[in-house]
Amino acid sequence: MVKGSGGKTGYHHGDLRNALIGAAVELAVEGGPERVVLREAARRVGVSPTAAYRHFSGHGDLLWQVKARGQQALAAFMLEAVREVPPLPDPGEEAERRLAAIGRGYVRFAVENPGLYRTAFRRIPADAPGADGVRAAFTGSAPPGDEPRYSAFRVLTDTLDAAVTAGRMAPAARPGAEIAAWAAVHGLAQLLLDGPLAGLPAGQWEALTDRTVRMVVAGLFG
Numbered sequence: 001m002v003k004g005s006g007g008k009t010g011y012h013h014g015d016l017r018n019a020l021i022g023a024a025v026e027l028a029v030e031g032g033p034e035r036v037v038l039r040e041a042a043r044r045v046g047v048s049p050t051a052a053y054r055h056f057s058g059h060g061d062l063l064w065q066v067k068a069r070g071q072q073a074l075a076a077f078m079l080e081a082v083r084e085v086p087p088l089p090d091p092g093e094e095a096e097r098r099l100a101a102i103g104r105g106y107v108r109f110a111v112e113n114p115g116l117y118r119t120a121f122r123r124i125p126a127d128a129p130g131a132d133g134v135r136a137a138f139t140g141s142a143p144p145g146d147e148p149r150y151s152a153f154r155v156l157t158d159t160l161d162a163a164v165t166a167g168r169m170a171p172a173a174r175p176g177a178e179i180a181a182w183a184a185v186h187g188l189a190q191l192l193l194d195g196p197l198a199g200l201p202a203g204q205w206e207a208l209t210d211r212t213v214r215m216v217v218a219g220l221f222g
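Below you can see the structure in the form of structure tokens.
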């Protein structure tokens, strides 16, 4: 689980930019994107706001960096869930289980790390550094890059491709399948965090997640 230190980070090395990003990630963990303020990050690191502002073009730049770190953390969470799926003799069944693990890991990260999850999907100005190309990567008009924050998306697409190769998924159903699967689990996560399902005990939201994931698998592989 991702956790914030809840205290002053301190600055004892030469990479001030990364120290500020780390402090801003802690702020996001504690309170979501609204807490990501460069002045507060500077205070935690122990430098002046003037020194901090030299390393970012503005608030959008800092938020983009924290957003990317949040996406990396989500990807790591999902990949850990996938690694728990054992190799199976039937590659089609293995693809189904991997897809289910991806969905469960996604929702679990959101529920257990709401502040960082909300920041990972916070909209930022279109002209923020690094914002170009993200939509293209996630809609198939351009392949995702090698950045860590794309790793979970690549695992999802590779899993769906493996299902087609194994004959478990019809080739005609493959285009856009990653977006459909993503939308289902993202929608559930939003309902659990900010919708009418907020506050459900663990057993109930886990049961809802299992049912949603089973429906996704059945819809794509049925």
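All residue numbers for the sequence shown refer to UniProt numbering, where the first residue is 1 and numbers rise by one.
From the three backbone atoms N, C-alpha and C, an ideal C-beta is built for every residue, glycine too.
Predicted model only: the values in this text are computed from it and were never measured.
Return helix, strand or coil for residue i, following the three-state DSSP convention.
i	result
Ala172	helix
Val47	coil
Gly199	coil
Ser151	helix
Asn113	coil
Pro91	helix
His59	helix
Asp15	coil
Ile124	coil
Pro33	helix
Asp158	helix
Arg54	coil
Val85	coil
Ala166	coil
Gly222	coil
Asp146	coil
Since residue i contacts residue j with CB under 8 Å, what's their CB separation in whole angstroms?
i	j	result
Pro175	Val164	11 Å between Cβ atoms; not a contact.
Ala41	Leu27	6 Å
Gly58	Ala120	Their Cβ separation, rounded to whole angstroms, is 20 Å, which puts Gly58 and Ala120 out of contact at 8 Å.
Leu63	Tyr117	Actually they do not touch by this definition, with Cβ atoms about 15 Å apart.
Ala95	Arg211	Incorrect: roughly 20 Å between the Cβ atoms, too far for contact.
Met78	Ala24	Not really, about 23 Å apart at Cβ, beyond 8 Å.
Arg122	Pro33	4 Å
Ala101	Ala76	Not confirmed; about 14 Å, so no contact.
Leu156	Ala183	About 12 Å separates the two Cβ atoms, so there is no contact after all.
Tyr106	Val29	About 18 Å separates the two Cβ atoms, so there is no contact after all.
Gly187	Ile124	In fact, because the Cβ distance is near 21 Å, the residues do not count as touching under 8 Å.
Residue i to residue j, Cα distance in whole Å?
i	j	result
Leu20	Ala51	10 Å
Val213	Ser48	47 Å
Ala189	Ala110	6 Å
Trp205	Arg104	10 Å
Lys67	Arg154	18 Å
Thr159	Leu88	14 Å
Phe56	Arg17	8 Å
Leu191	Ile179	18 Å
Pro196	Arg44	35 Å
Arg35	Asp194	17 Å
Ser5	Met215	Any reading at Ser5 must be qualified, since the residue scores a pLDDT of 45, below 50, and its modelled position is unreliable; no value is offered.
Gly222	Pro86	22 Å
Ala31	Gly219	Just to set this straight, residue 31 is Gly in the shown sequence, not Ala. One C-alpha to the other measures close to 36 Å.
Arg83	Gly203	23 Å
Ala166	Arg108	28 Å
Pro201	Asp161	35 Å
Gly7	Pro114	Below a pLDDT of 50, predicted positions are generally treated as unreliable, and Gly7, at 49, falls in that range; the measurement from the model is reported next regardless. Using only the alpha carbons, I get a separation of about 19 Å.
Val217	Arg54	48 Å
Gln72	Glu147	9 Å
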